[in-house]
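Numbering (our numbering), first residue to last: 15 to 256. Okay, so here's the structure we're looking at.
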Amino acid sequence: MSAPASPAPVRIDSDRRQLFSNGKRIPHFRSFSLHKFVVGAVAPFLLAVSVMAQTSAAPAAKPVPPLPTAGSAKPGQPPAPAHPLTIEQAHELMQLTGADQTKSRLIENIMAYFQRAFPPFVPADVKTDMKASLDKMDIEGPIVTTYQRYLSTENATQIIAFYKTPAGKDLLAITPYLSSEIQQTALKNGQDTARAVIERHKAEIEAAQKTYEQQHAAPAPTLGAPAAPSGTAPTTPKKPQQ
15 MSAPASPAPV RIDSDRRQLF SNGKRIPHFR SFSLHKFVVG AVAPFLLAVS
65 VMAQTSAAPA AKPVPPLPTA GSAKPGQPPA PAHPLTIEQA HELMQLTGAD
115 QTKSRLIENI MAYFQRAFPP FVPADVKTDM KASLDKMDIE GPIVTTYQRY
165 LSTENATQII AFYKTPAGKD LLAITPYLSS EIQQTALKNG QDTARAVIER
215 HKAEIEAAQK TYEQQHAAPA PTLGAPAAPS GTAPTTPKKP QQ
């Protein structure tokens, strides 16, 4: 009797985020999930909005909502300042940091992601609507509100004055590069760590895969098994008696 075949190794395609076994995709990961796709696409954008808080230019199109009171702050969260910065100060901070260009780059990056990630059957008008909707999206209004939640008018005056100094201008110039490299380093470290964990548990994963496949394998037909229900399988016509 030949030895049982060892389970096919599980391979992770990092480009397509799919699991492969013996060159074939594992069925559970085959279907396209619109919810996961949208969440995956929006997550990098939400992360980038934190940079927009220091790089936004256009005035807010909507009224600023009421600020939370000091008693409404979450545990560990600093209370709202007694004198929040003014809308004019927020706009000046945005203008000093060149937010309009940053927003354009963010939208370009998001659309580039969608172009790569959209399945081929997505109609062109969906992509057109996506671009137009992103262009009209209001980011500045929520940023002003966030500024006012944490930044006082007194501190804003000093920050604006600093940004106008040579040192402040230098900081603004290098901030995009700092943010990009920090994010790339964190992403690479996370990927390397995840890859190392998978490698450490390789034998465990392969054993679990073998057990799973055995538990979900179709049972082999046996002698004396009940006859299949009518209509489930074709029958062979009997030969006429001589």
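Glycine included, each C-beta is placed from N, C-alpha and C at the ideal position.
Inter-stretch contact (C-beta, 8 Å, three-pair minimum) for the region 124 to 142 and the region 91 to 105: The region 124 to 142, when compared against the region 91 to 105, does not touch it at the 8 Å Cβ threshold.
PRO95, DSSP secondary structure in three states: Coil at PRO95, not helix or strand.
Any 3 or more C-beta pairs closer than 8 Å across the region 92 to 102 and the region 158 to 170: Verdict: yes, contact present.
Buried or exposed by the 16-neighbour rule on C-beta atoms within 10 Å, applied to LYS88: By the neighbour-count rule (16 or more Cβ atoms within 10 Å), LYS88 is not buried but exposed.
Span of the alpha helix (DSSP H), counted from its first residue to its last, around LYS216: Start and end: 216 to 229.
Burial state of LYS117 (16 or more Cβ within 10 Å): Under this definition LYS117 is a buried residue.
Local Cβ density within 10 Å of ILE153, reported as buried at 16 or more and exposed below that: Classification for ILE153: buried.
6 Å CB neighbourhood of PHE135 in its chain, flanking five on each side removed: Leaving aside the five residues that flank PHE135 on each side, none in its chain has a CB nearer than 6 Å to its CB.
Neighbour flag for ASN169 against chain C, beta carbons, 8 Å: Protein chain content of the structure displayed is limited to a single chain, and chain C is not contained in it.
Start and end residues, alpha helix (DSSP H) containing SER166: Where SER166 is concerned, there is no enclosing alpha helix (DSSP H), because DSSP gives it neither an H nor an E.
Beta-carbon proximity of LEU110 to LEU186, cut-off 8 Å: Yes, the Cβ-Cβ distance between LEU110 and LEU186 is below 8 Å.
Three-state class that DSSP yields for LEU237 in the structure shown: Coil, per DSSP.
Own chain, CB closer than 6 Å to PRO156, minus 5 neighbours either side, in chain order: No residues qualify anywhere along the chain.
Pairwise C-alpha distance: ASP206 and TYR177: If I take the Cα positions, the gap works out to 37 Å.
Rounded separation between LYS216 and THR199 - CA only: Approximately 25 Å, taken between the alpha carbons.
Close Cβ partners of LYS150 (< 7 Å) along its chain, the five nearest in sequence each way excluded: Taken in chain order, the list of residues that qualify is empty.
Coil, strand or helix - THR100 by DSSP: Here DSSP, grouped into helix, strand and coil, assigns THR100 to coil.
Span separating the alpha-carbon of GLU194 from that of GLU227: Residue identity differs from the one stated: residue 194 is Ser in this sequence, not Glu. Using only the alpha carbons, I get a separation of about 43 Å.
Host alpha helix (DSSP H) of LYS145 (start-end): Segment 138 to 150, the alpha helix (DSSP H) holding LYS145.
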